[in-house]
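Before any comments, here is the structure.
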Amino acid sequence: MSEPKTNPEYDLVITRTFNAPRELVFKVWTDADHLKHWWGPTGFTIHVAQADIRPGGIFHYCMKAADGHEMWGKFVYHEIVSPERIVFVNSFSDEEGNIVRAPFSQTQTFPLEIYNVFTFTEEEGTTTITLRGGPINATEEEIQFFHSMHESMQQGFAGTFGQLDDYLATL
Numbered sequence: 234m235s236e237p238k239t240n241p242e243y244d245l246v247i248t249r250t251f252n253a254p255r256e257l258v259f260k261v262w263t264d265a266d267h268l269k270h271w272w273g274p275t276g277f278t279i280h281v282a283q284a285d286i287r288p289g290g291i292f293h294y295c296m297k298a299a300d301g302h303e304m305w306g307k308f309v310y311h312e313i314v315s316p317e318r319i320v321f322v323n324s325f326s327d328e329e330g331n332i333v334r335a336p337f338s339q340t341q342t343f344p345l346e347i348y349n350v351f352t353f354t355e356e357e358g359t360t361t362i363t364l365r366g367g368p369i370n371a372t373e374e375e376i377q378f379f380h381s382m383h384e385s386m387q388q389g390f391a392g393t394f395g396q397l398d399d400y401l402a403t404l
């Protein structure tokens, strides 16, 4: 698959270090039986509808809040290089896997697709993940809205990565 182009000026970049070896951290990113235990917003449970985790494959899932509210999402994998790199496009979806607008985007300006590159590096038994992500096939308005949400997305990923930290500690 060819690599879509994002605007690096507006990309979200997050780095987080985990107290676990790279092979294990990579595995919990590429195995649906692990992903369902930690992926998603804090307080949500994950139901995996489809898990074909390979280049060209799809991870389609439902995030369910304690109050019953559901949000669907999917990853379309472009590249998986074990244990170094995962590249995918993520989007909100409906139950059938069709791309839809983000449920929180009342003004219809959150981008439909986000291109993500996750790199995994190890040093002395700890693993650092670096996420670089940005909108693709987006309007200028969508790009600006994405940029305006960086702080909120950093907080969201902090919660998700906190769950990953807790999950890794159980393995």
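Just add 233 to wherever you are in the sequence shown, counting from 1, and you've got our numbering. Positions of the beta carbon are idealized from the N, C-alpha and C atoms, including for glycine. Here the structure is a predicted model, which means the values were calculated and not measured.
* Asked: Is the CB of K297 under 8 Å away from at least one CB in chain D?
  -> Checking the listed chains, one finds no chain D in this structure; it contains a single protein chain.
* Pull up the distance between the alpha-carbon of H311 and that of Y348, whole angstroms please. => In the sequence shown, residue 311 corresponds to position 78, counting from 1. In the sequence shown, residue 348 corresponds to position 115, counting from 1. Approximately 9 Å between the Cα atoms of the pair.
Exercise. By Cβ distance below 7 Å, which residues in the same chain neighbour A282 in space, the five residues on each side in sequence not counted?
Worked result: Numbered from its first residue, the sequence shown carries residue 282 at position 49. Only H293, Y294 and C295 meet the Cβ criterion.
| request: For T248, count neighbouring C-beta atoms within 10 Å of its own C-beta (all shown protein chains included) and say buried if the count is 16 or more, exposed if not. | output: As a working mapping, residue 248 is identified with position 15 in the sequence shown. The residue is exposed, with fewer than 16 neighbouring Cβ atoms inside 10 Å.
- prompt: Who are the Cβ neighbours of V350 in its own chain at under 6 Å, not counting the five residues just before and after it?
  reply: The count along the sequence shown starts at 1 and reaches residue 350 at position 117. Around V350, the same chain offers V320 and R365 as residues with beta carbons nearer than 6 Å, after the five sequence neighbours per side are excluded.
Open item on the list: I'd like the list of long-range same chain contacts for H280, defined as Cβ closer than 7 Å, with 5 residues on each side in sequence excluded.
Closed with: The residue you call residue 280 lines up with position 47 of the sequence shown. Around H280: Y294, C295 and K297.
Cβ neighbours of R255 in the same chain (closer than 6 Å, five flanking residues each side left out) = Counting from 1 along the sequence shown, the entry for residue 255 is found at position 22. Close CB contacts of R255 within its chain, under the 6 Å cut and outside five residues either way in sequence, are with P316, F353, E355 and T360 (chain order).
*asked:* Just checking L245 against the ligand NAP - is the residue's beta carbon closer than 7 Å to any of the ligand's heavy atoms?
replied: The ligand NAP is absent from the structure shown, which contains no ligands of any kind.
Check your understanding: When the distance is taken between beta carbons, is M304 closer than 8 Å to P336?
Key -> Here residue 336 refers to the residue found at position 103 of the sequence shown. Here residue 304 refers to the residue found at position 71 of the sequence shown. Between P336 and M304, the C-beta spacing is below 8 Å.
With DSSP as the reference, label E384 as helix, strand or coil.
Your numbering for residue 384 matches position 151 in the sequence shown. E384 carries a helical assignment under DSSP once its states are collapsed to helix, strand and coil.
* Go ahead and pull the three-state DSSP assignment for A389. => Working through the sequence shown from its first residue, we reach residue 389 at position 156. Note that residue 389 is Gly in the sequence shown here, rather than Ala. If DSSP states are grouped into helix, strand and coil, G389 belongs with the helices.
Which term fits K307, buried or exposed, when burial requires 16 or more other beta carbons within 10 angstroms of its beta carbon?
Position 74 of the sequence shown, counted from the start, is the residue given in the question as residue 307. That one is buried.
* Asked: Thinking just about the alpha-carbon of each residue, which of Q396, L401, T342 and L404 is nearest to the one in G276?
  -> Against the sequence shown, residue 276 aligns to sequence position 43. Comparing Cα positions, the closest option is Q396.
### Query
Based on the DSSP secondary-structure assignment, which residues constitute the bridge partners of L284?
On the sequence shown, residue 284 is found 51 positions in, with the first residue counted as 1. The question names Leu, but residue 284 is Ala in the sequence shown. Note: A284 is bridge-paired with F292 in the DSSP secondary-structure output.
Reduced DSSP secondary structure (H/G/I, E/B, other) of P241: Numbered from its first residue, the sequence shown carries residue 241 at position 8. In the structure shown, the three-state DSSP call for P241 is helix.
Among the candidates L401, F343 and G392, whose CA atom is the shortest distance from the CA of H273? Counting from one through the sequence shown, the residue named residue 273 turns up at place 40. Before going further, note that residue 273 is Gly rather than His in the sequence given. Minimum Cα distance to G273 is reached at G392.
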